[in-house]
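Residue numbers (the UniProt record's numbering): 1 to 281. Built from N, CA and C at the ideal position, the CB exists for glycine as well. Every value quoted in this text rests on a predicted model; they were computed, and no experiment measured them.
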């Protein structure tokens with residue numbers, strides 16, 4: 001828990017404490033109390049800024065903060081890196097992507113990043129790594145203890161706001177950083193809460209990895225409306241946490257579309273398919 005608390009205290013001055021929302025109508029229909037952590041209202045528009053901030057601020061504390069960063073992204077991680085780099089006055093950010101939306105591309109550029117489009121997800125990752133030869137610091141979206149701890153502050157903050165432990169927490173799975181951080185927070189708070197992952201049927205690398213007992217890599221970028229969950233595989237680091245979850249639920253595209261529309265209507269808030277998938281699960 002120390003790593004989560006330390007991460008939260010480190011990043012707290014830079015982030016919003018996002019609200020927890022609920023719908024009386026939805027709770028009435030389903031007969032459960034369902035709460036939503038509205039990280040779409042976070043700076044950069046997603047929870048990703050938490051992990052990036054924690055990672056780079058930790059480097060700053062050690063006087064190891066780089067001046068140039070490279071990464072690959074489906075969108076939200078890249079925006080977070082660009083924004084944090086601007087906050088910390090870093091010189092250069094290069095973001096590689098094969099599937100970033102136009103809106104997210106413009107946001108990353110707005111914060112000062114150079115966005116390079118590639119033909120495939122594998123090419124994006126390889127080119128981002130190669131920038132290390134040009135003295136860039138390569139920042140993986142989820143394969144880092146400090147990134148995971150930062151992501152875990154979402155659940156940690158929610159616990160402070162709720163003042164009780166829920167029966168279950170649902171978190172979606174791309175590279176596995178958010179789920180890993182959520183699990184890490186759970187075991188440090190000594191609760192009986194179930195941690196359940198969700199993943200598109202069309203991007204089922206984590207589910208397949210759990211079935212096989214080793215990391216499965218998708219051959220190409222999956223075709224899913226939940227573009228933020230289109231990672232090809234977990235890392236060894238995140239897989240060690242994902243194996244300990246209570247369940248991993250696969251969700252078809254139709255259900256993701258359905259709940260994205262409904263949550264926007266019920267909560268009156270922007271909701272990405274990569275988040276709405278948790279309601280479908």
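- Strand pairing of residue 248, partner residues [DSSP]: Partner(s): 197.
- Query: Would you call the CB atoms of residue 77 and residue 48 closer than 8 Å?
  - Reply: In this structure, residue 48 lies closer than 8 Å to residue 77 by Cβ.
- Task: For residue 146, verify whether its CB is less than 7 Å away from any heavy atom of the ligand PLP.
- Result: Judged by which ligands are present, the structure shown has none, so any question about the ligand PLP falls away.
- Query: Between residue 44 and residue 74, is the Cβ-Cβ spacing less than 8 Å?
  - Reply: For residue 44 and residue 74, no; Cβs fall outside 8 Å.
- Query: Count the other CB atoms within 10 Å of the CB of residue 72; is the residue buried (16 or more) or exposed (fewer)?
  - Reply: Residue 72 is buried by the Cβ-count criterion.
- Would you decide whether residue 8 is buried or exposed? Buried here means 16 or more other CB atoms lie within 10 Å of its CB. Burial call: buried.
- Query: residue 31: buried (16+ other C-beta within 10 angstroms of its C-beta) or exposed?
  - Reply: Per the 10 Å Cβ criterion, exposed.
- Message: Within a Cβ cutoff of 6 Å, which residues of the same chain sit near residue 52, ignoring the five residues on either side of it in sequence?
- Response: Cβ-Cβ distances below 6 Å link residue 52 to 80, 81, 84 in the same chain, with the five nearest sequence neighbours on each side left out; the list follows chain order.
- Any contact of the stretch 193-201 with the stretch 215-229, i.e. 3+ C-beta pairs under 8 Å? Three or more pairs of CB atoms, one per stretch, sit closer than 8 Å, so the stretch 193-201 contacts the stretch 215-229.
- Ordered list of beta strand (DSSP E) runs contained in the stretch 135-209, each at least 3 residues: With a minimum length of 3 residues, the continuous beta strand (DSSP E) runs that stay inside the stretch 135-209 are 168-172, 194-200.
- Query: Is the stretch 149-163 touching the stretch 128-139 in the sense that three or more CB pairs, one from each, lie closer than 8 Å?
  - Reply: Counting Cβ pairs under 8 Å, fewer than three are found: no touch.
- Task: Return helix, strand or coil for residue 239, following the three-state DSSP convention.
- Result: For residue 239, the three-state secondary structure derived from DSSP is helix.
- Enumerate in chain order the residues of its own chain whose CB-to-CB distance from residue 318 is below 7 Å, with the five nearest sequence positions on each side excluded. Because the chain spans 1 through 281 in this model, residue 318 falls outside it and cannot be assessed.
- Task: Grab me the residues of residue 14's own chain with a C-beta within less than 6 Å of its C-beta, minus the 5 sequence neighbours each way, in chain order.
- Result: Spatial neighbours of residue 14 in its own chain (CB-CB distance under 6 Å, excluding positions within 5 residues in sequence) are listed in chain order as 53.
- Apart from the five residues just before and just after residue 144, which ones in its own chain have a Cβ nearer than 7 Å to its Cβ? For residue 144, where only same-chain residues beyond five positions count, the Cβ hits under 7 Å are 55.
- Integer-rounded CB distance, given that residue 249 should sit under 8 Å from residue 281: So it is a contact: roughly 4 Å between Cβ atoms.
- Message: Taking a contact to mean a Cβ-Cβ separation below 8 Å, would you say residue 260 touches residue 273 in this structure?
- Response: Their beta carbons are under 8 Å apart, which means residue 260 touches residue 273 by this criterion.
- Task: Spell out the partners DSSP gives residue 36 in its beta bridges.
- Result: DSSP output for residue 36 lists 21 as bridge partner(s).
- Message: Given this structure, state the Cα-to-Cα distance separating residue 171 from residue 193, to the nearest angstrom.
- Response: Looking at the two C-alpha atoms, the distance is approximately 13 Å.
- Item | Unbroken stretches of the alpha helix (DSSP H), 4 residues or longer, contained in the stretch 60-132 | Fully enclosed alpha helix (DSSP H) runs of 4 or longer: 76-87, 102-110, 121-130.
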